[in-house]
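Asks: Have a look at the structure that comes next, please.
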Amino acid sequence: MKALMCGLVGSVLLCLAVAGHARPACQTDDAVPWQRVAPGVWVWHPVAPGEVSAANAGHVVPTSVVIDRGQALLIDPGPSQRHGERVRASLACHFGAQLRWIVNTHAHAENVLANSAFADLLASGQVQVLASAATREGMLQRCPACLASLTAKVGTEAIAGTQIVLPSRTLAEGDVLRVGRYRLRVMRVEQGHTEGDLVLWSAQQRVLWAGGLVYGNRVPELAQGSVDGWLRALDRLAALRPRVVVSNAVSRAAAKDGLPPALTDTRAYLSDLRTEVLKAMDQGLQASDATVVDLPAYRTWAGHSERQGFNAQRAWRELEPVWMDQSASPAPPAASPPRGRCEWPGKAGSTAP
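Yeah, the sequence shown ends on 1310 if you go by the working numbering, and it's all consecutive.
Next comes the structure, spelled out in structure tokens:
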């Protein structure tokens, strides 16, 4: 085993080698501003969250890491080679941790393209990149176009050196990842935000990694999604009673028996979208009129102008067969809730399919 060699240079601890991982020189002006959200769990929040742009270099979702006893598990490493290099240097220099796994929760560029910075560790067998089978297939099909799209939005300099690196191993429900004392269980692979949303659950800390299923003050993206599948997934996540959710946003429950607000807010948006689309069908509108489903209560959310019209069209295509089946059924009893709405356990006035 190689010896651990550390020297103090200024205020920076330079660790040259540990367990076969080369340690990069530490740059204090490029340090990652990690924030601790639970024991052993650290998050790098976006500085300028919102839509992907040159201003944020594609860093619009949190990068998170679980660290204990010198081991590290990285979840959704980020959008680029440069972003991943900063994470890699920080894991070595700030935490002194050996990276063992990278998890890609779903096939979106801003989550997975930083795999590129760890390609040499993957090739040498020191690191594994993990994902659901559906996410790996989605990356294989879409990542070339996503890389080109991201480059157009953030510029060639921000994305320089970024290559597509696919997962090396697939995960399935029931698998367990062990990081020191912590255990992260792979939950049901959902089909809500994408075709394969990987969910990780730490029952010890009551921390839930929800992939792209939970948004914070940002309109959800339905491009590869399903309204009803997403609502069912959120119900299953809520049943776990997480204290902290790490997803497209990081959200913490305000009360011991409460839910993280981003989880309930995401569900409220999707439920309202479903209800208003079905209402428009009841009113005799056509699919071409779906843009009238504007949901003004969410106009202050990032991405409303970019995605609301598309989401309405996408929801319309999905829900039209549901509406037709309901219209052909006998009228429900007078005491039944309105079509498309029912109570969400534990939250009065919430809706679900």
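Cβ atoms here follow ideal geometry from the backbone N, Cα and C, with glycine treated the same way.
What's the C-alpha gap between Trp-999 and Gly-1169?
Replies: Taking the sequence shown and counting its residues from 1, one reaches residue 999 at position 42. Taking the sequence shown and counting its residues from 1, one reaches residue 1169 at position 212. Each residue's Cα considered, the two are about 18 Å apart.
Asks: Report the CB separation of Leu-1128 from Ser-1089 in whole angstroms; it is logged as a contact under 8 Å.
Replies: Here residue 1128 corresponds to residue number 171 of the sequence shown, with the count starting at 1. Here residue 1089 corresponds to residue number 132 of the sequence shown, with the count starting at 1. At roughly 6 Å, the Cβ-Cβ gap stays under 8 Å, so Leu-1128 and Ser-1089 are in contact.
Asks: So what does DSSP say about Trp-991, is it helix, strand or coil?
Replies: Along the sequence shown, read from residue 1 onward, the residue named residue 991 stands at position 34. Note: Trp-991 maps to coil in three-state DSSP.
Asks: So for Arg-1057, helix, strand or coil by DSSP?
Replies: To locate residue 1057, count along the sequence shown from 1; it is residue 100. If DSSP states are grouped into helix, strand and coil, Arg-1057 belongs with the strands.
Asks: Given Asp-1251, which residues of its chain have a CB within under 7 Å of its CB, disregarding the five upstream and five downstream residues?
Replies: Working through the sequence shown from its first residue, we reach residue 1251 at position 294. Gln-1265.
Asks: Do Ala-1254 and Trp-1273 have their C-beta atoms within less than 7 Å of each other?
Replies: Residue 1254 sits at position 297 when you count from the first residue of the sequence shown. Residue 1273 sits at position 316 when you count from the first residue of the sequence shown. Not in contact: Ala-1254 and Trp-1273 (Cβ atoms no closer than 7 Å).
Asks: Helix, strand or coil, according to DSSP, for Ala-1259 in the structure here?
Replies: Position 302 of the sequence shown, counted from the start, is the residue given in the question as residue 1259. Three-state result, Ala-1259: strand.
Asks: Is Gly-1241 buried or exposed, if buried means 16 or more other CB atoms sit within 10 Å of its CB?
Replies: Position 284 of the sequence shown, counted from the first residue, corresponds to residue 1241. Exposed, since its Cβ has fewer than 16 Cβ neighbours within 10 Å.
Asks: Could you tell me the distance, in whole angstroms, from the CA atom of Gln-1162 to the CA atom of Gln-1038?
Replies: The sequence position of residue 1162 within the sequence shown is 205, counting from 1. The sequence position of residue 1038 within the sequence shown is 81, counting from 1. When rounded, the distance between both Cα atoms is 31 Å.
Asks: Just how far apart, CA to CA, sit Gly-1095 and Glu-1152?
Replies: Taking the sequence shown and counting its residues from 1, one reaches residue 1095 at position 138. Taking the sequence shown and counting its residues from 1, one reaches residue 1152 at position 195. Cα to Cα, Gly-1095 sits roughly 8 Å from Glu-1152.
Asks: Assuming Gln-1098 and Arg-1057 form a contact by the criterion Cβ under 8 Å, report the distance between their Cβ atoms to the nearest whole angstrom.
Replies: For the purposes of this step, residue 1098 is taken as the residue at position 141 of the sequence shown. For the purposes of this step, residue 1057 is taken as the residue at position 100 of the sequence shown. In fact, because the Cβ distance is near 28 Å, the residues do not count as touching under 8 Å.
Asks: Does the segment 1218-1236 touch the segment 1127-1141, meaning 3 or more C-beta pairs lie closer than 8 Å?
Replies: The answer is no - the segment 1218-1236 does not touch the segment 1127-1141, with fewer than three Cβ pairs under 8 Å.
Asks: Start and end of the alpha helix (DSSP H) containing Ser-1106?
Replies: Here residue 1106 is taken as the residue at index 149 of the sequence shown, counted from 1. First-last of the alpha helix (DSSP H) with Ser-1106: 1090-1111.
Asks: How big is the Cα-Cα spacing for Ala-1049 and Ala-988?
Replies: The count along the sequence shown starts at 1 and reaches residue 1049 at position 92. The count along the sequence shown starts at 1 and reaches residue 988 at position 31. Cα to Cα, the separation comes out at about 11 Å.
Asks: Please say whether Ser-1204 and Ala-1180 have beta carbons closer to each other than 7 Å?
Replies: Counting from one through the sequence shown, the residue named residue 1180 turns up at place 223. Counting from one through the sequence shown, the residue named residue 1204 turns up at place 247. Not in contact: Ala-1180 and Ser-1204 (Cβ atoms no closer than 7 Å).
Asks: Can the beta-carbon of Ala-1080 be found closer than 7 Å to that of Gly-1041?
Replies: What you label residue 1080 is simply residue 123 of the sequence shown in a count that begins at 1. What you label residue 1041 is simply residue 84 of the sequence shown in a count that begins at 1. Cβ distance not < 7 Å, so Ala-1080 and Gly-1041 don't count as in contact.
Asks: Measure the Cβ-Cβ separation of Val-994 and Val-1279 and say whether it is below 7 Å.
Replies: If you number the sequence shown from 1, residue 994 lands on position 37. If you number the sequence shown from 1, residue 1279 lands on position 322. Cβ distance not < 7 Å, so Val-994 and Val-1279 don't count as in contact.
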